[in-house]
Amino acid sequence: MILLNEPHAARIVERAGRWATVGGVPGTGFEAYARLLHPVDADRTHPNTVDEWGNPVNVEYTRWGWAEVARRNGRVMHPLVQWWRITDEEQTRSWADGWSVGQSDDGWFDPEDLAVLTTHLRAATLTPNDLVVGAWEGTGNPPWAEGGRDARARPHAVPLAGP
Numbered sequence: 127m128i129l130l131n132e133p134h135a136a137r138i139v140e141r142a143g144r145w146a147t148v149g150g151v152p153g154t155g156f157e158a159y160a161r162l163l164h165p166v167d168a169d170r171t172h173p174n175t176v177d178e179w180g181n182p183v184n185v186e187y188t189r190w191g192w193a194e195v196a197r198r199n200g201r202v203m204h205p206l207v208q209w210w211r212i213t214d215e216e217q218t219r220s221w222a223d224g225w226s227v228g229q230s231d232d233g234w235f236d237p238e239d240l241a242v243l244t245t246h247l248r249a250a251t252l253t254p255n256d257l258v259v260g261a262w263e264g265t266g267n268p269p270w271a272e273g274g275r276d277a278r279a280r281p282h283a284v285p286l287a288g289p
C-alpha cells in the first residue's frame, strides 16, 4: 500500500491486520469493506481485417466487468470470485466471436474509476473531506504487516481533498 501523509499513514499502519485477511491491506476495525473487481480491457478482432503483415486488427475496444467474463465462460459470480477461476486459469481469454480480454493490471487503478469511486464514497460518508485512499501495489503483503517484504518501507497517505 502506498500512502502519502504521516498522520493518515500512522492510522492505517496501527490497524494493519494479518496477511491474507480482509484487514491485511486496508487495516482492521472498519465498519465496512468493499472489494473492487477492476474492469478488464476487451477488444475484438475481425479475421477479414488485417494489417500489412496479415495479423488481425482490433476493430472494437471496450472495458468489461468480471461478470461479463464469467457469463461468457458459463461461470457464476459470487463474493469470493477469483479471476483464474472464471477464465479457466488463463491470464488472457479469447472467444470465437473475436473478443479477448486480459487480466487487470496489478497495482493499477484507472484514474477514471477512482474518480467514480470517490464520488460514491464522498456521498456515503458524513465526513467527505476526510476520505483517504490507500493503493495496494498488487504484488504481496503491505511492507509493515506481519511477513511483509520490506519492513523498512515507510507508509504514507494521501487524503482526497475537494468539494
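With my numbering applied, the sequence shown corresponds to residues 127 to 289, in that order. Quick reminder that beta carbons are idealized off the backbone N, C-alpha and C, glycines included.
DSSP state of V227 mapped onto helix, strand, coil: V227 carries a strand assignment under DSSP once its states are collapsed to helix, strand and coil.
Close beta carbons around Y187, own chain, < 6 Å, minus the five adjacent residues each side: D169
Beta carbon of V242 nearer than 8 Å to that of V166: no
Helix, strand or coil at R219 according to DSSP, with G and I counted as helix: strand
Reduced DSSP secondary structure (H/G/I, E/B, other) of N267: Per-residue confidence for N267 stands at a pLDDT of 49, beneath the threshold of 50, marking its modelled position as unreliable; no derived number is given.
Helix, strand or coil at D256 [DSSP, three-state]: helix
Contacts around T251, its chain only, beta-carbon distance under 7 Å, and the 5 residues preceding and following it disregarded: Cβ within range, chain order: L257.
Whole-angstrom distance between S230 and V185, CA atom to CA atom: 21 Å
Proximity below 8 Å, CB of T213 to CB of N199: yes
6 Å CB neighbourhood of A311 in its chain, flanking five on each side removed: Residue 311 lies beyond the range of the chain shown here (127 to 289); nothing can be said about it.
Inter-residue CB distance, H164 and F235 (contact presumed, cutoff 8 Å): 7 Å
Three-way DSSP call (helix, strand, coil) for A241 in this model: helix
Opening and closing residue of the alpha helix (DSSP H) in which A168 lies: Premise fails: A168 lies in the beta strand (DSSP E), V166 to V176, not in any alpha helix (DSSP H).
Sub-8 Å separation of G150 and R144 beta-carbons: If you check the CB distance, G150 and R144 come in under 8 Å.
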